[in-house]
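Undergrad: In order, the protein sequences belong to chains A and B. Taking the working numbering, the leading residue of the first sequence gets 57, the next gets one more, and so forth. Taking the working numbering, the leading residue of the second sequence gets 57, the next gets one more, and so forth. Where is the CB? At the ideal position from N, CA and C, for every residue including glycine. Just so we're clear, the structure is a prediction, and the values are computed from it rather than from any experiment.
There are 2 protein chains.
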Amino acid sequence: MEITKAAQNTRESSFKLAALDSETKNRALRAIAHSLRQNASLILKANQEDIARSKREKLAAPLLKRLKFDEIKIEAVCKGIETLITLTEPVGKTLSALELDKDLELFKVSCPIGVIGVIFESRPDALVQIATLCLKSGNAVLLKGGSEAQKTNRVLSNLIHKASTSCGVPEHWIKALETREDVKQMLALDGYIDLIIPRGSNNFVKYIMDNTTIPVLGHADGICHIYVDEHADLKMAVDIIIDSKCQYVAVCNALETLLVHRARAKELLPVLKQALDKKQVELRGCTETQKIIPVKPAVEKDWKTEYLELILSIKIVDSIDQAIRHINNYGSHHTDAIVTNSKEQAAKFLNLVDSADVFWNCSTRFSDGYRYGLGAEVGISTNKIHARGPVGIEGLLIYKWKLLGKGHLAAHYSGKQARSFTHKKITKECDV
Amino acid sequence: MEITKAAQNTRESSFKLAALDSETKNRALRAIAHSLRQNASLILKANQEDIARSKREKLAAPLLKRLKFDEIKIEAVCKGIETLITLTEPVGKTLSALELDKDLELFKVSCPIGVIGVIFESRPDALVQIATLCLKSGNAVLLKGGSEAQKTNRVLSNLIHKASTSCGVPEHWIKALETREDVKQMLALDGYIDLIIPRGSNNFVKYIMDNTTIPVLGHADGICHIYVDEHADLKMAVDIIIDSKCQYVAVCNALETLLVHRARAKELLPVLKQALDKKQVELRGCTETQKIIPVKPAVEKDWKTEYLELILSIKIVDSIDQAIRHINNYGSHHTDAIVTNSKEQAAKFLNLVDSADVFWNCSTRFSDGYRYGLGAEVGISTNKIHARGPVGIEGLLIYKWKLLGKGHLAAHYSGKQARSFTHKKITKECDV
């Protein structure tokens, strides 16, 4: 009940926030950064309490690490806010303009989605990042953090609310939910929340995707592949494989399965094994692979596993078609790469592999909002609608249609004496 | 089980269809139109059997009417297919291009969504329209029609499959599901279906939206409003209200609730009543309205009702803010219009009303894909993500990111000697 009431208030606030001018939003962002820096000691104190309690409650070490929010992280999120301020205003852009008839003009204009529900584990910096991205794009936000970060999150959301509303941002635009009730309550609020963004482990994201009818922006698994084609430069292949697997092993765009064309396997695999042995990468191979290099056998489950560890599964394929089929069936439609010198083979791979990011002769590790130059990253999506791959602020936007007439009636465009539509493109910006 | 197998085949087919060239798709569309015309008698026979059976089963008259698929309708859908052929190829368009570094180029390229699930009542012409739209946009399609149109749908989908595959479109790209099993089975196939498009009554659409985690494109209610502002031209207001309410009463963009500023109510309502009486429109009014003209009292339920009949509810408001609040709370976020001579008031309304289509001084009846010049209409969406308002073929498209390198590694862009990204816009088309 408390959550529903909070969601109602946030929704009510979202209507006003959608029409808020650029200056007010940027002023509020500046005030938020200022407030976070000013109140660093308050934040650190709350965070230390969260950490102490979580230690007593035996929270796993990686989660404890992500829970930590120190001065370096405060400075990092403030820098992020300052970058946001410099971005051009995303709301109110005329995306297309069409004259339907004399004095009847149709404009497609960018606008916020409305209310974003953010559900995240541990990391309090995620709260600040997503809240300020929402503000910049005119979206209200309901946040549900993990109970381990409760005190930190409460301080952060209060500071953000106070600093922003003091600059004229409507009350209740941001609300951190705190009740002990399950996240389930939030997932049922389809009347108030327009989009859910989950941040956390793949099981956590999968749970959310499976338990709500609200659209979810994100990805669960990142089972990324590299296919070494018959026409590959093998030196390049080894370098790309090592970078994709080892450069940062616990991330969604790291390599998990290698597919090798039969014609090049005998040449590639021994060299590759030598290089990967140096990096302590455990190899698991199909029957054919096992005939060439000493590896653990890969079982069916391996092809479906996101290791996020120094483990690589290897399969030898007869053709590019078999490689593509394997990726489409076992992959997570995240990021997949081909190494080949043949443009024709590359084109085939890029067009037939059904993934958000399809790469030719480069590391899978490039699929990332910062590397893509998106400015700010909302997340990485394996959805097939709205936004795919690394998603910048445009993932928090939609559009509305504004039609400006002078008393135009539909009846005039039907029947025997029907007027015709002109449907003429115009280059005007919408000014209402 | 049968449905799951069919969905697997369709998904498999979708990967190939996504990469199909423009000529093949257009040739297939031409073959489909030819086949429908050639086999008109077969279609009519199946349709007559459906109608006869449905009559025996006492199907409601409006549904019976929509079930009818005669030569005029065959010709109409064939004309629609011919228009589709003339549309430029929607797949493979370079939407943006960015140099990340020398010889490392990122392209955002349009592509099909994958597998579209279409669930519809009665109208067999919807099957042809949506199937051919899917083909043009490279999407595979699973169709589940109402049992009343089973024979017609079977003939149509067989003819479409046969004509298209004979031109080189991959097998199984279209499949009409027919089992007696509930539509529920299809709604659970989130591993195979990327987007559901429902066509039918609002209860039917609402049921689908509430019972699947697959994204749904469409709208349930269309509770459209007109707000007559303090600064309105009242003659224009009366004309727009009559057109919006009466021009076609049973459609989602027809007017259901009128909001009138208190300052103009005494002037407007008597004239309006006279005009609406001539059209046999039943009026239901708030307490204030009842003091000015004789009307039935409107109750809370009226503000939430899509009549789709000659009934109009009227409420007098104290301000534009109250009007906006009413629309955002009771409306269905479909189409809402303001009548005013004040540009300032118009801008306020257009920016604060959270609807797909917001109109100034024109009829609500204009919110429609044909009138918007979209070429072909997939449906009208009240979603807040992906596509909003009347949706053309672009609603069936998403994009993928293609990154073309020459052995680029992420490791080179981190650490002490890190290379910088250039992030330079380029104007090239992606040619792989």
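1) Do Ile296 (chain A) and Ile279 (chain A) have their beta-carbon atoms positioned less than 8 angstroms apart in this structure?
2) What residue from A:Thr313, A:Lys158, A:Glu365 and A:Asn65 has the CA that sits closest to Val305 (chain A)'s CA?
3) Just reading off the alpha helix (DSSP H) that Trp359 (chain A) is part of, what are its end residues?
4) How would you list, in chain order, the residues of chain A whose beta-carbon sits under 7 angstroms from the beta-carbon of Tyr263 (chain B)?
5) Is Thr139 (chain A) close to chain B? Criterion is C-beta to C-beta, closer than 8 angstroms.
6) Any idea what DSSP makes of Thr144 (chain B), helix, strand or coil?
7) Tell me whether the beta-carbon of Phe422 (chain A) lies closer than 8 angstroms to the beta-carbon of Leu459 (chain B).
8) Return yes when the Cβ of Ile252 (chain A) is within less than 8 angstroms of the Cβ of Ser272 (chain A), no when it is not.
9) Give the interface partners of Phe71 (chain B) over in chain A, defined as CB-CB distance under 7 angstroms, in chain order.
10) Taking buried to mean at least 16 other C-beta atoms within 10 Å of its own C-beta, is Asp487 (chain A) buried or exposed?
11) Looking at the C-beta of Val307 (chain B), does it have a partner C-beta in chain A at a distance below 8 angstroms?
12) I'd like the span of the beta strand (DSSP E) that includes Leu246 (chain A), first residue to last.
13) Leaving out five residues before and five after Asn407 (chain B) in sequence, what residues of the same chain have Cβ atoms less than 6 angstroms from its Cβ?
14) Would you please verify whether the beta carbon of Tyr455 (chain A) is less than 8 angstroms from any beta carbon of chain B?
15) Can you check whether the CB of Val211 (chain B) is closer than 8 angstroms to the CB of Met292 (chain B)?
16) Among A:Arg83, A:Ala403 and A:Cys342, whose alpha-carbon lies nearest the alpha-carbon of Cys223 (chain A)?
17) Going along the chain, which residues of its own chain have a beta-carbon closer than 8 angstroms to the beta-carbon of Ala244 (chain A), five neighbours each way excluded?
18) Nearest by alpha-carbon distance to His336 (chain B): which of B:Pro353, B:Gln303 and B:Glu344 is it?
19) Less than 8 angstroms between CB atoms is the rule here; does Ser419 (chain A) satisfy it with respect to chain B?
20) Measure the C-alpha to C-alpha separation of Glu286 (chain A) and Asp377 (chain A) and round it to an integer number of angstroms.
21) Determine, using beta carbons only, whether Leu154 (chain A) comes closer than 8 angstroms to chain B.
22) Is Ala466 (chain A) near Asp277 (chain B), with beta carbons less than 8 angstroms apart?
23) Leaving out five residues before and five after Glu68 (chain A) in sequence, what residues of the same chain have Cβ atoms less than 8 angstroms from its Cβ?
24) If we cut at 8 angstroms on Cβ distances, does Gln303 (chain A) have a partner in chain B?
25) Measure the CB-CB distance between Ser70 (chain A) and Ala196 (chain A) and report whether it falls below 8 angstroms.
26) Does the Cβ of Asn397 (chain B) have 16 or more other Cβ atoms within 10 Å, making it buried, or fewer, making it exposed?
27) In whole angstroms, what is the alpha-carbon distance linking His382 (chain B) and His390 (chain B)?
28) Going by C-alpha to C-alpha distance, which of A:Ala75, A:Ala205 and A:Val147 sits closest to Ala102 (chain A)?
29) State the DSSP-derived secondary structure class of Leu233 (chain A), mapped to helix, strand or coil.
30) Using 8 angstroms for Cβ pairs, my map puts Lys207 (chain B) next to Asp106 (chain B). What's the rounded Cβ distance?
31) Identify, in the order they occur along the chain, each residue of the same chain with its Cβ nearer than 6 angstroms to the Cβ of Cys190 (chain A), setting aside the five sequence neighbours on each side.
32) Terminal residues of the continuous beta strand (DSSP E) containing Thr313 (chain B)?
33) Less than 8 angstroms between CB atoms is the rule here; does Gly202 (chain B) satisfy it with respect to chain A?
34) At 9 angstroms on the CB atoms, spell out the chain A contacts of Asn169 (chain B), in chain order.
35) If you run the structure through DSSP and keep just helix, strand and coil, what is Glu177 (chain A)?
36) Does the beta carbon of Gly256 (chain B) sit closer than 8 angstroms to a beta carbon anywhere in chain A?
TA: Working from what's here:
1) The residue given as residue 279 (chain A) occupies position 223 in the first sequence. The residue given as residue 296 (chain A) occupies position 240 in the first sequence. No.
2) As a working mapping, residue 305 (chain A) is identified with position 249 in the first sequence. Sorting A:Thr313, A:Lys158, A:Glu365 and A:Asn65 by C-alpha distance to the C-alpha of Val305 (chain A) places A:Glu365 at the top.
3) For this step, residue 359 (chain A) is matched to residue 303 along the first sequence. For Trp359 (chain A), the uninterrupted alpha helix (DSSP H) segment begins and ends at Glu356 to Trp359.
4) As a working note, residue 263 (chain B) is residue 207 in the second sequence. Residues of chain A passing the Cβ test: none, with the nearest at roughly 12 angstroms.
5) Mapped onto the first sequence, residue 139 (chain A) falls at position 83. Not one chain B Cβ lies under 8 angstroms of Thr139 (chain A).
6) One-based indexing of the second sequence puts residue 144 (chain B) at position 88. Thr144 (chain B) falls in the coil class under three-state DSSP.
7) Against the first sequence, residue 422 (chain A) aligns to sequence position 366. Against the second sequence, residue 459 (chain B) aligns to sequence position 403. With respect to the 8 angstroms criterion, Phe422 (chain A) and Leu459 (chain B) are classified as neighbours on the basis of their beta carbons.
8) The residue you call residue 272 (chain A) lines up with position 216 of the first sequence. The residue you call residue 252 (chain A) lines up with position 196 of the first sequence. Correcting the residue type first, residue 272 (chain A) is Val in the shown sequence and not Ser. Their beta carbons are under 8 angstroms apart, which means Val272 (chain A) touches Ile252 (chain A) by this criterion.
9) Mapped onto the second sequence, residue 71 (chain B) falls at position 15. Contacts between Phe71 (chain B) and chain A, judged by CB atoms closer than 7 angstroms, involve Asn384, Leu408 and Asp410 in chain order.
10) The count along the first sequence starts at 1 and reaches residue 487 (chain A) at position 431. Asp487 (chain A) comes out exposed.
11) Position 251 of the second sequence, counted from the first residue, corresponds to residue 307 (chain B). So, not an interface residue.
12) Taking the first sequence and counting its residues from 1, one reaches residue 246 (chain A) at position 190. Contrary to the premise, residue 246 (chain A) reads as Asp rather than Leu in this sequence. For Asp246 (chain A), there is no enclosing beta strand (DSSP E), as DSSP marks it with neither H nor E.
13) Reading the second sequence from its first residue, position 351 is the one you call residue 407 (chain B). Taken in chain order, the list of residues that qualify is empty.
14) To locate residue 455 (chain A), count along the first sequence from 1; it is residue 399. For Tyr455 (chain A), the closest Cβ of chain B is nearer than 8 angstroms.
15) Position 236 of the second sequence, counting from 1, holds the residue named residue 292 (chain B). Position 155 of the second sequence, counting from 1, holds the residue named residue 211 (chain B). Against a cut-off of 8 angstroms, the Cβ pair of Val211 (chain B) and Met292 (chain B) comes out as no contact.
16) What you label residue 223 (chain A) is simply residue 167 of the first sequence in a count that begins at 1. Comparing alpha-carbon positions, the option among A:Arg83, A:Ala403 and A:Cys342 lying closest to Cys223 (chain A) turns out to be A:Arg83.
17) For this step, residue 244 (chain A) is matched to residue 188 along the first sequence. Non-local beta-carbon contacts of Ala244 (chain A) in its own chain, meaning distances under 8 angstroms to residues more than five positions away in sequence, involve Thr268 in chain order.
18) One-based indexing of the second sequence puts residue 336 (chain B) at position 280. Correcting the residue identity first, residue 336 (chain B) is Gln in this sequence and not His. Checked all of B:Pro353, B:Gln303 and B:Glu344; the closest Cα to Gln336 (chain B) is B:Gln303.
19) Within the first sequence, residue 419 (chain A) is the residue found at index 363, counting from 1. So, interface residue.
20) Your numbering for residue 286 (chain A) matches position 230 in the first sequence. Your numbering for residue 377 (chain A) matches position 321 in the first sequence. So the alpha carbons of these two residues sit roughly 12 angstroms apart.
21) As a position in the first sequence, residue 154 (chain A) is number 98, starting the count at 1. Cβ-Cβ to chain B under 8 angstroms: yes for Leu154 (chain A).
22) The residue labelled residue 466 (chain A) in the question sits at position 410 within the first sequence. The residue labelled residue 277 (chain B) in the question sits at position 221 within the second sequence. Their beta carbons are not under 8 angstroms apart, which means Ala466 (chain A) does not touch Asp277 (chain B) by this criterion.
23) The sequence position of residue 68 (chain A) within the first sequence is 12, counting from 1. His228.
24) Along the first sequence, one-based indexing puts residue 303 (chain A) at 247. It does; some Cβ of chain B falls within 8 angstroms.
25) Here the question's residue 70 (chain A) lines up with position 14 in the first sequence. Here the question's residue 196 (chain A) lines up with position 140 in the first sequence. Their beta carbons are under 8 angstroms apart, which means Ser70 (chain A) touches Ala196 (chain A) by this criterion.
26) If you number the second sequence from 1, residue 397 (chain B) lands on position 341. By the C-beta density criterion, Asn397 (chain B) is exposed, having fewer than 16 other C-beta atoms within 10 angstroms.
27) Translated into positions along the second sequence, residue 382 (chain B) becomes position 326. Translated into positions along the second sequence, residue 390 (chain B) becomes position 334. The alpha-carbon atoms of His382 (chain B) and His390 (chain B) are separated by roughly 14 angstroms.
28) Translated into positions along the first sequence, residue 102 (chain A) becomes position 46. It is A:Ala205 whose Cα lies nearest to the Cα of Ala102 (chain A).
29) Along the first sequence, read from residue 1 onward, the residue named residue 233 (chain A) stands at position 177. Look at Leu233 (chain A) here: in three-state DSSP terms it is strand.
30) If you number the second sequence from 1, residue 207 (chain B) lands on position 151. If you number the second sequence from 1, residue 106 (chain B) lands on position 50. Contact between Lys207 (chain B) and Asp106 (chain B) holds: CB atoms are separated by about 5 angstroms, below the 8 angstroms threshold.
31) Residue 190 (chain A) sits at position 134 when you count from the first residue of the first sequence. These residues qualify, in order along the chain: Ile172 and Val197.
32) Here residue 313 (chain B) refers to the residue found at position 257 when the second sequence is read from its first residue. Leu311 to His317 is the extent of the beta strand (DSSP E) around Thr313 (chain B).
33) Start at 1 with the first residue of the second sequence, and residue 202 (chain B) comes out as number 146. Not one chain A Cβ lies under 8 angstroms of Gly202 (chain B).
34) As a first step, residue 169 (chain B) is located in the second sequence; it is residue number 113 there, counting from the start. Note on residue identity: the sequence assigns Ile, not Asn, to residue 169 (chain B). Within chain A, Lys440 and Ile441 have C-beta atoms less than 9 angstroms from the C-beta of Ile169 (chain B), given in sequence order.
35) Along the first sequence, read from residue 1 onward, the residue named residue 177 (chain A) stands at position 121. DSSP places Glu177 (chain A) in coil when its eight states are reduced to three.
36) One-based indexing of the second sequence puts residue 256 (chain B) at position 200. With its beta carbon at least 8 angstroms from every one in chain A, Gly256 (chain B) lies outside the interface.
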